[in-house]
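For our numbering, count along the sequence shown from 1 and bump the result up by 120.
Below: the structure, in structure tokens.
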Amino acid sequence: MADDAEAVTVVREVDDVETLKALSDPLRLAILRTMMSDVRAGHRVKDIARLLDQPPTRLYRHIKVLEAAGLIKVAQTRMVSGIQESQYQVAQFALRLSRDLLAAPGNAGDLADAFAATLNDFRDRLVRDIISGRFQPEPEAAADEGSAGADPLGPMVVALDRRLTPERAVEFRSRLTELMEEFNRPDDEEKADVPVEFLLMFWAPKDPADG
Numbered sequence: 121m122a123d124d125a126e127a128v129t130v131v132r133e134v135d136d137v138e139t140l141k142a143l144s145d146p147l148r149l150a151i152l153r154t155m156m157s158d159v160r161a162g163h164r165v166k167d168i169a170r171l172l173d174q175p176p177t178r179l180y181r182h183i184k185v186l187e188a189a190g191l192i193k194v195a196q197t198r199m200v201s202g203i204q205e206s207q208y209q210v211a212q213f214a215l216r217l218s219r220d221l222l223a224a225p226g227n228a229g230d231l232a233d234a235f236a237a238t239l240n241d242f243r244d245r246l247v248r249d250i251i252s253g254r255f256q257p258e259p260e261a262a263a264d265e266g267s268a269g270a271d272p273l274g275p276m277v278v279a280l281d282r283r284l285t286p287e288r289a290v291e292f293r294s295r296l297t298e299l300m301e302e303f304n305r306p307d308d309e310e311k312a313d314v315p316v317e318f319l320l321m322f323w324a325p326k327d328p329a330d331g
């Protein structure tokens, strides 16, 4: 594998509309998410297609869009039966939208598309796990073995829609940011094998007339 394959940015700040558009497709988000399950590995298109239950031919165009946006990169190439096969690697551990990108009025449509794709992708995975029975606490007997009956990895669903003082709102956002920065880094421990699904969105609605 090439030497730069390990040079993965911790957090990529998205500050241009073209990258935002690359993130506005549910299938591209699924490809990126699949690759980010192992950020240091090289991923072949056919392996990603198998995990997503998609034909490889449907993925190639999306792979090229992600590569052009700098969201993934070629980690290694080799010749297989006279055809060059590429392995791709993500270029970052996490993504963050820049303040300027969020604030520009002309980006509203592209932002809406990107957030809609993110929510749809997350919804599909949530529904999948609910239907398959994976979205539930461990059986009571299993939980009792390691605790007082509570499953430490049981689902947690929280919805918050309330008013806070400016100081408390700033504190809330700051603490969420610190938590995400702490856990967004890859875990090098050998036992880091627990898949975690988590979506965080925070916003304080503002009146457009206030500028």
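Backbone N, C-alpha and C define an ideal beta-carbon position, used for all residues, glycine too.
The Cβ atoms of Leu-140 and Leu-221 sit closer than 8 Å to each other. Taking each of Lys-166, Phe-322, Leu-179 and Val-131 in turn and checking the Cα distance to Arg-148, the smallest one comes out for Leu-179. Cβ contact annotation for Phe-242 (same chain, cutoff 7 Å, sequence separation greater than five): Leu-319, in chain order.
Straight-line measurement puts the Cα of Ser-144 at about 28 Å from the Cα of Arg-295.
For the pair Val-130 and Ala-211, the CB atoms are not nearer than the 8 Å cut-off. Contact annotation: the region 245-259 touches the region 273-290, with at least three C-beta pairs closer than 8 Å. Within the DSSP secondary-structure output, Ala-214 pairs in a beta bridge with Val-131. Looking at the backbone, the Cα of Leu-217 and that of Arg-132 are separated by about 8 Å. Per DSSP, Met-156 is one residue of the alpha helix (DSSP H) stretching across 146-156. Counting of Cβ neighbours within 10 angstroms places Met-155 among the buried residues, the total reaching 16 or more. Annotation: Asp-313 to Thr-197 spans about 28 Å, alpha carbon to alpha carbon.
Gln-209 sits buried, since 16 or more C-beta atoms from the chains shown fall within 10 Å of its C-beta. Shown here, Val-194 sits in a strand according to DSSP, grouped into three states.
Between Pro-146 and Asn-240, the CB-CB gap stays under 8 Å.
Between Glu-317 and Asn-304, the alpha-carbon positions lie close to 12 Å from each other.
Here DSSP, grouped into helix, strand and coil, assigns Ser-201 to coil. Minimum Cα-Cα distance from Asp-158 among the listed residues Asp-135, Thr-238, Val-200 and Val-128 corresponds to Val-128.
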